[in-house]
Amino acid sequence: METVLNIDQHKQRLLEKEKELLTQINRAAVSAREPGDETARDAGDESVANEQKEQQFREIEADRTVLGQVREALRRIDNGTFGKCLVDGETIEAKRLDVLPWTPYCLKHQQVLEGAGPLRTPTL
109 METVLNIDQH
119 KQRLLEKEKE
129 LLTQINRAAV
139 SAREPGDETA
149 RDAGDESVAN
159 EQKEQQFREI
169 EADRTVLGQV
179 REALRRIDNG
189 TFGKCLVDGE
199 TIEAKRLDVL
209 PWTPYCLKHQ
219 QVLEGAGPLR
229 TPTL
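Everything in the sequence shown is counted per the working numbering, starting at 109 for the first residue and increasing by one.
In structure tokens:
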């Protein structure tokens, strides 16, 4: 028996995630661009501050990537292809969509794309 997707529920979750990501990105971008504490610091303090800024920018980039995926999922809802794997058009598992509603791939194809295909037992 095939499970029927609750598209409205997924759309609402995606819209909430989009809003959350935009807030996080904006807040982190402002924080990352703020000048550091200019009190007397040594090279070690400066290095730590630079590493923290770099980490903030990496987090912003990761959030932007997810934001793009969320927006793509919203477009798939609008064009009627949400819940279908982009590789073969088969239905994405409902449990997978519940956890990651912006995923464009079924688990099998996601693993292939990540190079984490099924483990093989060595043979002689």
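Positions of the beta carbon are idealized from the N, C-alpha and C atoms, including for glycine.
Computed from a prediction, not measured in an experiment: that's the story for all the values here.
On the DSSP letters alone, give me the boundaries of the alpha helix (DSSP H) that residue i sits inside.
{"i": "Ile165", "result": "Checking the sequence, you will find Phe at residue 165 rather than Ile. Element bounds for Phe165: 151-187."}
{"i": "Ile115", "result": "115-141"}
So, at 7 Å on beta carbons, what are the nonlocal neighbours of residue i in its own chain, with the 5 sequence-adjacent residues on each side left out?
{"i": "Leu215", "result": "Glu201, Arg204"}
{"i": "Arg184", "result": "Phe190"}
{"i": "Gln132", "result": "Asp171"}
Where does residue i sit, in a helix, a strand or coil, going by DSSP?
{"i": "Thr211", "result": "coil"}
What do you reckon, are the CB atoms on residue i and residue j nearer than 8 Å?
{"i": "Val174", "j": "Leu122", "result": "no"}
{"i": "Gln118", "j": "Pro209", "result": "It should be pointed out that residue 118 corresponds to His in this sequence rather than to Gln. Cβ atoms of His118 and Pro209: closer than 8 Å."}
{"i": "Ala136", "j": "Glu167", "result": "yes"}
Please name the residue in the options whose C-alpha comes closest to that of residue i.
{"i": "Glu128", "options": "Asp171, Ile115, Ala137, Asn187", "result": "Asp171"}
{"i": "Ser139", "options": "Phe165, Asp150, Asp153", "result": "Phe165"}
{"i": "Glu169", "options": "Glu142, Gly188, Leu130, Thr199", "result": "Leu130"}
Spatial neighbours of residue i within its chain, please: CB distance less than 8 Å, with the 5 preceding and 5 following residues excluded, ordered by chain position.
{"i": "Glu222", "result": "none"}
{"i": "Ser155", "result": "none"}
{"i": "Arg149", "result": "Ala157"}
Leaving out five residues on either side along the sequence, give the residues of the same chain with a beta carbon under 6 Å from the beta carbon of residue i.
{"i": "His217", "result": "Cys193, Val195"}
{"i": "Glu110", "result": "Low confidence applies to Glu110: its pLDDT is 47, below 50, so where it sits in the model is not reliable, and the reading given next is rough at best. For Glu110, where only same-chain residues beyond five positions count, there are no Cβ hits under 6 Å."}
{"i": "Lys125", "result": "Val178"}
Kindly indicate if chain C contains any beta-carbon less than 8 Å away from that of residue i.
{"i": "Leu175", "result": "You won't find chain C in this structure, because it holds only one protein chain."}
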